[in-house]
Structures are given as C-alpha cells and as structure tokens.
Amino acid sequence: RLAGDDRLPERVLHGPAAAARLAQDGEARADLLHAIRWHTLGSPDWGRLGQALYMADFLEPGRPFAVEDRAFLASVVPSDFAGVFRQVVRMRIEWTVREGKSLFPETVALWNHVR
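For the working numbering, add 6 to where a residue sits in the sequence shown, where the first one is 1.
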C-alpha cells in the first residue's frame, strides 16, 4: 500500500502506484499525475486530460459489458466530449450502486461537479 491510500481497495491502487512511480522517475506534469492517480475513482479537479483518461478506461473496446452502448459513446466523444464524460460518470456510478459497492467521496464529488 502507498502512504495515504489506506482507505482504497486493492483494485484501484494501480492508479496511485503508477503516478507515484512516474513522479519518482521525474515526471513533473501535475495534471498528468493527477489524471493517472485518480483515473479509477474520478476527480472533480480534472481538466480535459483526466476526463479523457477516465473515459478511455471505461470505453476501452475489450471490456465485456454494455458493448453497444460503450461503442456508441466512444463514437460520439469527438462531437460531445462533455456529454459523453457526464454519461460515463453516470454509468460507472450506476454500476457501482447496482453491485452494492461503496461510492468513494472523489466519485461523488465528480458527479456533483458534472451533473
């Protein structure tokens, strides 16, 4: 575990770990490090880079769920970036609630920021 990430489940620690490693290796772009660190949970502090990474992670065509819906959303990103981002946030939250998993404060703050 990384210092300060004790509340995060194992399945999301790859983001903070990758950001920490990049910073150790000299990466200094704060927006890039923040995007990578929070790409699984979301962040209301993101600019376009963080939003794009969050969408790319969700819309990746190899994932086996909601294939047609996600393909449609991916095709609309160039013409409605903000709208697709909002829908991706919504879909991730709906899935989390449906599965009975905990919503993290960062995810809730992201939704409140984009709704």
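Glycine included, each C-beta is placed from N, C-alpha and C at the ideal position.
Requested in this report: Could you pull the start and end residues of the alpha helix (DSSP H) that V73 belongs to?
Outcome: For the purposes of this step, residue 73 is identified with residue 67 of the sequence shown, where counting begins at 1. Counting along the chain, the alpha helix (DSSP H) containing V73 begins and ends at V73 to V82.
Query - Residue range of the alpha helix (DSSP H) that includes P22 - result: Position 16 of the sequence shown holds residue 22. Taken as a continuous stretch (DSSP letters only), the alpha helix (DSSP H) holding P22 covers H20 to Q30.
Query - Close Cβ partners of E33 (< 7 Å) along its chain, the five nearest in sequence each way excluded - result: The residue you call residue 33 lines up with position 27 of the sequence shown. If we look at E33 and ignore the five residues flanking it on each side, its Cβ neighbours are L39.
Query raised in the report: For G56, does the three-state DSSP call read helix, strand or coil?
Result: In the sequence shown, residue 56 corresponds to position 50, counting from 1. Of the three classes helix, strand and coil, the one that applies to G56 here is helix, per DSSP.
Requested in this report: Tell me whether F64 sits in a helix, a strand or coil according to DSSP, three-state version.
Outcome: For the purposes of this step, residue 64 is taken as residue 58 along the sequence shown, with counting starting at 1. In this structure, F64 counts as helix in the three-state DSSP scheme.
Report task. Count the CB pairs spanning the region 45-54 and the region 66-74 that are closer than 8 Å, and state whether there are at least three. Result -> no
**Report entry** Distance between W44 and A29 (C-alpha atoms, nearest Å)
**Finding:** Indexing the sequence shown from 1 puts residue 29 at position 23. Indexing the sequence shown from 1 puts residue 44 at position 38. So the two alpha carbons sit approximately 15 Å from each other.
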